[in-house]
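For reference, each letter of the sequence shown is one residue, going -25 to -1, 1 to 266 in mature numbering (1 follows the signal peptide of the UniProt record, and there is no 0).
Right, one structure below, let's go through it.
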Amino acid sequence: MAYLLFFQIFLFSLIKIAPFSDAWGKEGHFMVCKIAENYLSEKASRAVSDLLPSEAGGDLASVCSWADEVRFRYRWSSPLHFVNTPGVCNFKYSRDCHNSKGETDVCVVGAINNYTAQLQSYGGDSSGNDLSESLMFLAHFVGDVHQPLHAGFAADEGGNTITIHWYRRKSNLHHVWDVNIIETAMKDFYSDDLNSMIEAIQMNITDSWSDEIDQWQTCRSQSVACADKYASESIKQACDYAYKDVEQDSTLGDDYFYSRLPVLEKRIAQAGVRLAAILNVIFCGDSAVSK
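Here you go:
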């Protein structure tokens, strides 16, 4: 009995310390969806509330990390959180959107296109698709594709194999962009208050970035979502900001943090505005944000 108790305690401790990388981290995804909620039309907001599971309480942001939470149960979904390029700073769907087995359309861009199409059946024949899950996947993947290292290089798994020190703490480059920059900003600028960080980003959307909103939402194609465009932006920013001046075992501190935080906050803003625009088109045919 004593041995069994020891084993249970040991196993629990492993579970607690086992690493699990959330894209953007829960805080980042929460911010994306909370910003999106501010720009949903009334009709789209009603549709979203109708599709959300009861435990969400009508709050899209509360389930924005759901897709990470089910990755071990839905193992097929793991390759849908990212897209990698062969070490080049541009995205090409036919070259890059595949999984490790070479199966096409299996990447975050393909996933956004797929779940957007599924949600367009809302109010009609859903062809057996679980539209609640489609909504939660779409909300999450729009956030993922805006994280620059979710469109990184295949050779380093989007920065996951680049070991660095974030100030004095050992980390990896992907985790820096998922979590560490946000955590440091929360601590240094926002008194560990997530709502304060959301308000600051929202203020930039309505003030500093207001002239860019139309461009953020514009698709050159006739598609509802422009996931190719989002991925292209991310790989360029991965090259220009995430990978730049970083080597294996680098120590990243103030210079990196202060120059990259504005990039990260703007990507969160773009993801939120674009998610709302996509949902507005899906549920009412109008992408414009007016708040």
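Ideal Cβ placement from N, Cα and C applies to all residues, glycine included.
For the pair residue 26 and residue 229, the Cα-to-Cα distance works out to about 43 Å. Scanning its chain for C-beta atoms nearer than 8 Å, with the 5 sequence neighbours on each side dropped, one finds around residue 104 the residues 93 and 96, in chain order. Note that the segment 49 to 68 does not touch the segment 157 to 177; fewer than 3 beta-carbon pairs, one per stretch, sit closer than 8 Å. Looking at the DSSP output, residue 128 bridges to 60. Look at residue 179 here: in three-state DSSP terms it is helix. For residue 40, the number of other beta carbons within 10 angstroms of its own is at least 16, and it is reported as buried. Counting C-beta pairs closer than 8 Å gives fewer than three between the segment 49 to 62 and the segment 176 to 196, which falls short of the contact rule.
Collapsing the DSSP output to three states places residue 35 in a helix.
The segment 164 to 234 is shown to contain whole alpha helix (DSSP H) runs of 4 or more residues at 169 to 181, 188 to 192 and 202 to 212, in chain order.
A straight line joining the alpha-carbon of residue 207 with that of residue 217 spans about 14 Å.
Taking C-beta atoms under 8 Å as the contact rule, residue 89 and residue 200 fail to qualify, at a distance of about 10 Å. Counting other Cβ atoms within 10 Å of its Cβ, residue 170 stays below 16 and is therefore classed as exposed. In this structure, 151 is the residue among 151, 45 and 136 with its C-alpha nearest to the C-alpha of residue 142. Residue nearest to residue 71 within the set 128, 144 and 11 is 128 (criterion: CA-CA distance). Of the candidates 110, 78 and 147, 110 places its Cα closest to the Cα of residue 33. Annotated as proximal: residue 251 and residue 11, with beta-carbon spacing under 7 Å. If you look at residue 146, you'll find it in the beta strand (DSSP E) that goes 144 to 147.
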